[in-house]
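K.L.:
What follows is a single structure, and I will ask about it in a moment.
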Amino acid sequence: MNKTMAKQPVFRFAPSPNGQLHLGHALSALLNHAMAKVQGGRLLLRIEDIDIARCTPAFEAGIVEDLEWLGLDWEKPARRQSEHLDLYRQALGKLIDRGLVYPAFLTRGAIKTAVAEYEAKGKSWPRDPDGAPLYPGEERKLSAAARQRMLAGGKPHAWRLDMAKALAELNAPLTWQETGAGPNGETGTITADPAAWGDVVLSRSDAPSSYHLAVTLDDAQQEVTHVVRGHDLFHATSVHRLLQRLLDLPQPVYHHHRLILGSDGRKLSKSNRDTGIAAFREAGKTPDDIRAMVL
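Counted the way our numbering counts, the sequence shown spans residues 37 to 331.
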(Lines of atoms letter the chains of each structure in order from A and count residues from 1; the text may use other names and numbers.)
(Lines give C-alpha, C1' and ligand atoms only; values in the text may rest on other atoms or scores of the structure.)
Protein backbone atom coordinates (compact mmCIF):
# COMPACT_ATOMS: atom_id res chain seq x y z
CA MET A 1 0.00 0.00 0.00
CA ASN A 2 1.30 3.47 -0.85
CA LYS A 3 2.34 5.71 1.99
CA THR A 4 0.63 9.01 2.69
CA MET A 5 2.33 12.00 1.09
CA ALA A 6 3.58 14.97 3.10
CA LYS A 7 0.84 17.44 3.96
CA GLN A 8 2.53 20.56 2.60
CA PRO A 9 2.54 20.61 -1.21
CA VAL A 10 6.00 20.04 -2.64
CA PHE A 11 6.80 20.74 -6.29
CA ARG A 12 10.05 20.24 -8.17
CA PHE A 13 11.68 21.39 -11.39
CA ALA A 14 14.18 18.75 -12.49
CA PRO A 15 16.28 19.61 -15.57
CA SER A 16 19.33 17.73 -16.84
CA PRO A 17 22.50 19.85 -17.26
CA ASN A 18 23.29 18.44 -20.71
CA GLY A 19 22.42 21.58 -22.64
CA GLN A 20 20.84 25.01 -22.32
CA LEU A 21 17.30 25.46 -21.07
CA HIS A 22 14.77 26.31 -23.78
CA LEU A 23 11.25 27.70 -23.85
CA GLY A 24 9.74 24.32 -22.98
CA HIS A 25 11.77 24.26 -19.79
CA ALA A 26 10.69 27.83 -19.07
CA LEU A 27 7.04 26.80 -19.29
CA SER A 28 7.55 23.88 -16.91
CA ALA A 29 9.59 25.91 -14.42
CA LEU A 30 7.10 28.78 -14.44
CA LEU A 31 4.14 26.45 -13.93
CA ASN A 32 5.84 24.65 -11.04
CA HIS A 33 6.72 27.99 -9.43
CA ALA A 34 3.23 29.41 -9.87
CA MET A 35 1.42 26.30 -8.64
CA ALA A 36 3.67 26.08 -5.58
CA LYS A 37 2.94 29.72 -4.74
CA VAL A 38 -0.83 29.32 -5.18
CA GLN A 39 -0.94 26.21 -2.99
CA GLY A 40 1.38 27.56 -0.33
CA GLY A 41 3.88 24.87 -1.15
CA ARG A 42 7.60 24.41 -1.55
CA LEU A 43 9.54 24.45 -4.83
CA LEU A 44 12.65 22.32 -5.18
CA LEU A 45 15.31 22.28 -7.88
CA ARG A 46 16.75 18.89 -8.76
CA ILE A 47 19.72 18.53 -11.11
CA GLU A 48 19.35 15.23 -12.95
CA ASP A 49 23.00 14.67 -13.82
CA ILE A 50 23.35 10.89 -13.99
CA ASP A 51 24.53 11.08 -17.62
CA ILE A 52 28.11 11.94 -16.69
CA ALA A 53 29.27 12.00 -20.30
CA ARG A 54 26.89 14.81 -21.31
CA CYS A 55 26.17 16.72 -18.08
CA THR A 56 28.57 19.51 -17.17
CA PRO A 57 29.02 22.10 -14.40
CA ALA A 58 28.82 24.83 -17.04
CA PHE A 59 25.36 23.73 -18.14
CA GLU A 60 24.27 23.48 -14.49
CA ALA A 61 25.47 27.04 -13.88
CA GLY A 62 23.52 28.12 -16.96
CA ILE A 63 20.35 26.53 -15.60
CA VAL A 64 20.65 28.47 -12.34
CA GLU A 65 21.38 31.70 -14.21
CA ASP A 66 18.35 31.27 -16.49
CA LEU A 67 15.98 30.47 -13.63
CA GLU A 68 17.18 33.39 -11.53
CA TRP A 69 16.83 35.70 -14.53
CA LEU A 70 13.22 34.53 -14.91
CA GLY A 71 12.65 35.64 -11.32
CA LEU A 72 12.16 32.16 -9.87
CA ASP A 73 13.25 31.06 -6.42
CA TRP A 74 13.52 27.63 -4.83
CA GLU A 75 14.81 25.94 -1.71
CA LYS A 76 18.58 25.68 -1.49
CA PRO A 77 20.62 23.65 -2.01
CA ALA A 78 19.53 21.89 -5.17
CA ARG A 79 19.62 18.09 -5.13
CA ARG A 80 22.07 16.44 -7.55
CA GLN A 81 21.38 12.88 -8.61
CA SER A 82 25.13 12.23 -8.90
CA GLU A 83 25.35 12.60 -5.10
CA HIS A 84 22.80 9.86 -4.43
CA LEU A 85 24.02 6.91 -6.49
CA ASP A 86 23.98 4.57 -3.49
CA LEU A 87 20.22 5.16 -3.13
CA TYR A 88 19.63 3.92 -6.67
CA ARG A 89 21.97 0.93 -6.27
CA GLN A 90 20.25 -0.14 -3.06
CA ALA A 91 16.78 0.00 -4.64
CA LEU A 92 18.01 -1.96 -7.66
CA GLY A 93 19.53 -4.52 -5.32
CA LYS A 94 16.18 -5.04 -3.61
CA LEU A 95 14.52 -5.70 -6.96
CA ILE A 96 17.32 -8.09 -7.95
CA ASP A 97 16.92 -10.00 -4.69
CA ARG A 98 13.20 -10.37 -5.39
CA GLY A 99 13.86 -11.72 -8.87
CA LEU A 100 12.06 -8.83 -10.53
CA VAL A 101 14.94 -7.71 -12.74
CA TYR A 102 17.38 -9.62 -14.90
CA PRO A 103 20.70 -8.89 -16.64
CA ALA A 104 20.18 -8.18 -20.33
CA PHE A 105 23.21 -8.56 -22.58
CA LEU A 106 21.97 -7.62 -26.05
CA THR A 107 23.55 -4.46 -27.43
CA ARG A 108 21.55 -1.74 -29.16
CA GLY A 109 23.03 -2.93 -32.43
CA ALA A 110 21.93 -6.50 -31.81
CA ILE A 111 18.41 -5.38 -30.97
CA LYS A 112 18.27 -3.24 -34.10
CA THR A 113 19.41 -6.18 -36.24
CA ALA A 114 16.87 -8.55 -34.69
CA VAL A 115 14.04 -6.08 -35.26
CA ALA A 116 15.09 -5.41 -38.86
CA GLU A 117 15.25 -9.12 -39.68
CA TYR A 118 11.85 -9.72 -38.08
CA GLU A 119 10.16 -6.82 -39.87
CA ALA A 120 11.78 -7.79 -43.19
CA LYS A 121 9.41 -10.77 -43.09
CA GLY A 122 6.43 -8.42 -43.17
CA LYS A 123 5.75 -8.62 -39.45
CA SER A 124 5.47 -5.73 -37.02
CA TRP A 125 7.73 -5.66 -33.95
CA PRO A 126 5.97 -4.28 -30.84
CA ARG A 127 7.07 -0.81 -29.78
CA ASP A 128 6.76 1.31 -26.68
CA PRO A 129 4.82 4.62 -26.48
CA ASP A 130 7.96 6.48 -27.63
CA GLY A 131 8.24 4.28 -30.71
CA ALA A 132 11.27 2.27 -29.59
CA PRO A 133 11.23 -1.53 -30.13
CA LEU A 134 10.43 -3.58 -27.04
CA TYR A 135 13.32 -5.65 -25.75
CA PRO A 136 13.21 -9.30 -26.94
CA GLY A 137 13.56 -10.56 -23.37
CA GLU A 138 14.94 -14.02 -24.20
CA GLU A 139 17.39 -13.71 -21.31
CA ARG A 140 14.51 -14.01 -18.87
CA LYS A 141 14.79 -17.76 -19.52
CA LEU A 142 18.47 -18.03 -18.56
CA SER A 143 19.26 -20.09 -15.47
CA ALA A 144 20.77 -18.37 -12.45
CA ALA A 145 24.03 -20.20 -13.13
CA ALA A 146 24.16 -19.03 -16.75
CA ARG A 147 23.49 -15.44 -15.72
CA GLN A 148 26.21 -15.60 -13.10
CA ARG A 149 28.75 -16.95 -15.60
CA MET A 150 28.03 -14.09 -18.00
CA LEU A 151 28.19 -11.50 -15.25
CA ALA A 152 31.41 -12.96 -13.88
CA GLY A 153 32.89 -12.77 -17.37
CA GLY A 154 32.42 -9.02 -17.35
CA LYS A 155 29.99 -8.99 -20.25
CA PRO A 156 28.39 -5.50 -20.55
CA HIS A 157 24.76 -5.57 -19.57
CA ALA A 158 21.74 -3.64 -18.43
CA TRP A 159 19.40 -4.58 -15.61
CA ARG A 160 15.88 -4.76 -16.99
CA LEU A 161 12.60 -5.03 -15.15
CA ASP A 162 10.84 -8.33 -15.79
CA MET A 163 7.55 -6.66 -16.59
CA ALA A 164 5.45 -9.83 -16.46
CA LYS A 165 6.77 -10.76 -13.01
CA ALA A 166 6.40 -7.21 -11.73
CA LEU A 167 2.79 -6.95 -12.88
CA ALA A 168 2.03 -10.31 -11.30
CA GLU A 169 2.89 -8.80 -7.90
CA LEU A 170 0.20 -6.14 -8.12
CA ASN A 171 -2.81 -6.75 -5.91
CA ALA A 172 -4.83 -3.70 -6.96
CA PRO A 173 -5.42 -1.64 -10.12
CA LEU A 174 -2.58 0.72 -10.98
CA THR A 175 -3.77 4.30 -11.53
CA TRP A 176 -2.71 7.88 -10.99
CA GLN A 177 -4.47 11.19 -10.43
CA GLU A 178 -4.00 13.62 -13.32
CA THR A 179 -4.86 17.28 -12.70
CA GLY A 180 -3.49 18.41 -16.04
CA ALA A 181 -4.17 16.53 -19.26
CA GLY A 182 -2.47 13.93 -21.39
CA PRO A 183 -1.71 14.29 -25.11
CA ASN A 184 -5.28 13.28 -25.93
CA GLY A 185 -6.94 15.22 -23.13
CA GLU A 186 -6.79 12.41 -20.55
CA THR A 187 -7.46 13.72 -17.05
CA GLY A 188 -8.79 12.60 -13.68
CA THR A 189 -8.11 8.99 -12.70
CA ILE A 190 -5.79 7.47 -15.31
CA THR A 191 -5.29 3.72 -15.65
CA ALA A 192 -1.58 2.99 -15.86
CA ASP A 193 -0.31 0.66 -18.58
CA PRO A 194 3.34 -0.16 -17.77
CA ALA A 195 3.20 -3.29 -19.94
CA ALA A 196 3.26 -1.00 -22.98
CA TRP A 197 6.93 -0.32 -22.19
CA GLY A 198 8.05 -3.93 -22.00
CA ASP A 199 11.11 -4.82 -19.94
CA VAL A 200 12.39 -1.31 -19.25
CA VAL A 201 16.00 -0.59 -18.34
CA LEU A 202 16.60 0.28 -14.67
CA SER A 203 20.40 0.40 -14.78
CA ARG A 204 23.30 -0.06 -17.20
CA SER A 205 26.93 -1.06 -16.78
CA ASP A 206 27.96 2.54 -17.43
CA ALA A 207 25.20 4.18 -15.38
CA PRO A 208 23.93 3.30 -11.89
CA SER A 209 20.32 4.14 -12.67
CA SER A 210 17.91 4.83 -15.48
CA TYR A 211 15.74 7.92 -15.54
CA HIS A 212 12.72 5.85 -14.48
CA LEU A 213 14.31 4.47 -11.32
CA ALA A 214 16.14 7.64 -10.28
CA VAL A 215 13.22 10.02 -10.72
CA THR A 216 10.87 7.73 -8.81
CA LEU A 217 13.25 7.41 -5.87
CA ASP A 218 14.13 11.12 -5.87
CA ASP A 219 10.48 12.17 -5.77
CA ALA A 220 9.93 9.90 -2.77
CA GLN A 221 13.09 11.04 -0.97
CA GLN A 222 12.19 14.70 -1.48
CA GLU A 223 8.56 14.11 -0.47
CA VAL A 224 7.33 15.56 -3.76
CA THR A 225 3.54 15.71 -3.75
CA HIS A 226 2.96 17.26 -7.20
CA VAL A 227 4.86 16.29 -10.35
CA VAL A 228 4.36 18.95 -13.03
CA ARG A 229 5.96 18.11 -16.39
CA GLY A 230 5.35 17.91 -20.14
CA HIS A 231 3.19 15.62 -22.25
CA ASP A 232 6.30 13.75 -23.41
CA LEU A 233 6.44 12.04 -20.00
CA PHE A 234 2.73 11.31 -19.64
CA HIS A 235 2.99 7.64 -20.64
CA ALA A 236 6.19 7.14 -18.65
CA THR A 237 4.10 7.77 -15.54
CA SER A 238 2.85 4.20 -15.88
CA VAL A 239 6.37 2.89 -15.24
CA HIS A 240 6.86 5.29 -12.33
CA ARG A 241 3.62 4.17 -10.72
CA LEU A 242 4.67 0.54 -11.04
CA LEU A 243 8.03 1.24 -9.39
CA GLN A 244 6.30 3.16 -6.62
CA ARG A 245 4.10 0.16 -5.92
CA LEU A 246 6.98 -2.33 -6.05
CA LEU A 247 9.18 -0.25 -3.74
CA ASP A 248 6.37 0.88 -1.43
CA LEU A 249 6.88 4.56 -2.22
CA PRO A 250 4.40 7.47 -1.95
CA GLN A 251 2.23 8.39 -4.91
CA PRO A 252 2.34 12.04 -6.04
CA VAL A 253 -0.38 13.83 -7.99
CA TYR A 254 0.61 14.33 -11.63
CA HIS A 255 0.01 17.35 -13.84
CA HIS A 256 1.15 17.10 -17.46
CA HIS A 257 1.20 20.21 -19.61
CA ARG A 258 1.47 20.99 -23.30
CA LEU A 259 4.82 21.06 -25.06
CA ILE A 260 6.35 24.07 -26.75
CA LEU A 261 6.98 23.02 -30.34
CA GLY A 262 9.52 24.30 -32.81
CA SER A 263 8.84 25.50 -36.34
CA ASP A 264 9.17 21.89 -37.53
CA GLY A 265 6.35 20.77 -35.24
CA ARG A 266 8.65 18.81 -32.96
CA LYS A 267 9.30 19.42 -29.27
CA LEU A 268 12.21 21.73 -28.59
CA SER A 269 15.71 20.35 -28.12
CA LYS A 270 18.58 21.68 -26.04
CA SER A 271 20.75 21.39 -29.12
CA ASN A 272 18.78 24.16 -30.85
CA ARG A 273 20.38 27.20 -29.29
CA ASP A 274 18.04 29.66 -31.03
CA THR A 275 15.20 28.52 -28.77
CA GLY A 276 17.32 28.74 -25.61
CA ILE A 277 16.43 31.09 -22.78
CA ALA A 278 19.98 32.47 -22.75
CA ALA A 279 19.76 33.30 -26.46
CA PHE A 280 16.52 35.24 -25.94
CA ARG A 281 18.11 37.08 -23.03
CA GLU A 282 21.13 38.00 -25.15
CA ALA A 283 18.77 39.22 -27.87
CA GLY A 284 17.23 41.73 -25.45
CA LYS A 285 14.10 39.86 -24.40
CA THR A 286 12.83 40.32 -20.85
CA PRO A 287 11.46 37.76 -18.40
CA ASP A 288 7.99 39.14 -19.11
CA ASP A 289 8.58 38.52 -22.82
CA ILE A 290 9.38 34.86 -22.07
CA ARG A 291 6.24 34.53 -19.94
CA ALA A 292 4.14 35.98 -22.74
CA MET A 293 5.66 33.51 -25.18
CA VAL A 294 4.94 30.36 -23.17
CA LEU A 295 1.99 30.98 -20.83
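Yeah, the Cβ is synthetic: ideal placement off N, Cα and C, and Gly gets one too.
How long is the line joining the alpha carbons of Pro-113 and Leu-59, rounded to whole angstroms?
P.N.:
In a straight line, the C-alpha of Pro-113 is about 24 Å away from that of Leu-59.
K.L.:
Name the DSSP beta bridge partners of His-271, please?
P.N.:
In DSSP, His-271 forms no bridge with anything.
K.L.:
Counting only runs of 4+ residues fully inside the region 70-111, write out the alpha helix (DSSP H) ranges in chain order.
P.N.:
Listed in chain order, the complete alpha helix (DSSP H) runs (minimum 4 residues) inside the region 70-111 are 93-105.
K.L.:
CB-CB under 6 Å to Ala-50, same chain, minus the five flanking residues each way: which ones, in chain order?
P.N.:
Excluding sequence neighbours, Ala-50 sits near Arg-82, Glu-84.
K.L.:
With DSSP as the reference, label Thr-262 as helix, strand or coil.
P.N.:
The amino acid occupying residue 262 in the given sequence is His; Thr does not appear at that position. Strand at His-262.
K.L.:
Return the chain-ordered list of same chain residues with a C-beta closer than 8 Å to the C-beta of Arg-163, the five sequence neighbours on each side being excluded.
P.N.:
Same-chain partners within the cutoff: Pro-169, Leu-170.
K.L.:
How big is the Cα-Cα spacing for Pro-230 and Thr-143?
P.N.:
Their Cα atoms are separated by approximately 23 Å.
K.L.:
Quick one: Cα of Asp-254 to Cα of Thr-215, how far?
P.N.:
One C-alpha to the other measures close to 21 Å.
K.L.:
What are the boundary residues of the alpha helix (DSSP H) that His-248 is part of?
P.N.:
From DSSP, the alpha helix (DSSP H) with His-248 extends over 247-257.
K.L.:
Since Tyr-124 and Leu-249 are thought to touch, with beta carbons under 8 Å apart, how far apart are those beta carbons, to the nearest angstrom?
P.N.:
Contact holds; Cβ gap of about 6 Å.
K.L.:
In the DSSP assignment, the beta strand (DSSP E) including Ala-194 goes from what residue to what residue?
P.N.:
Per DSSP, Ala-194 belongs to the beta strand (DSSP E) from 194-197.
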